[in-house]
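This report concerns only the one structure given below.
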Amino acid sequence: DGKVLGLDTATGKVIWDFQTQGQITAGPVVAGDTLYVASRDGTLYALTAP
147 DGKVLGLDTA TGKVIWDFQT QGQITAGPVV AGDTLYVASR DGTLYALTAP
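Read in order, the letters of the sequence shown are residues 147 to 196 in my numbering.
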């Protein structure tokens, strides 16, 4: 459905979410403090936790 969730590692509670414009087409990649996800709309999203 294109939704990316950030979870609290201690509780498993959702602490942030992000909706892409298309279905996510590959597994996420983390580099440093940035999470990268690609979606079917042709966009590579670079997300950082708030």
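The beta-carbon is built from N, C-alpha and C at its ideal position, and this holds for glycine as well.
Predicted model, so just to flag it, every value in this text is computed and none were measured.
Query                                                                                                     : Result
CB of ALA184 within 7 Å of CB of ALA172, strictly                                                         : yes
Alpha-carbon spacing of PRO174 relative to ILE161, whole angstroms                                        : 18 Å
Check: ARG186 C-beta below 6 Å from any heavy atom of the ligand COA                                      : Of ligands this structure carries none, so the ligand COA is not represented either.
Buried versus exposed call for THR194 [16 or more other C-beta atoms within 10 Å across all chains shown] : exposed
Cβ-based neighbour list, ASP179, same chain, cut-off 8 Å, excluding 5 preceding and 5 following           : THR194, ALA195
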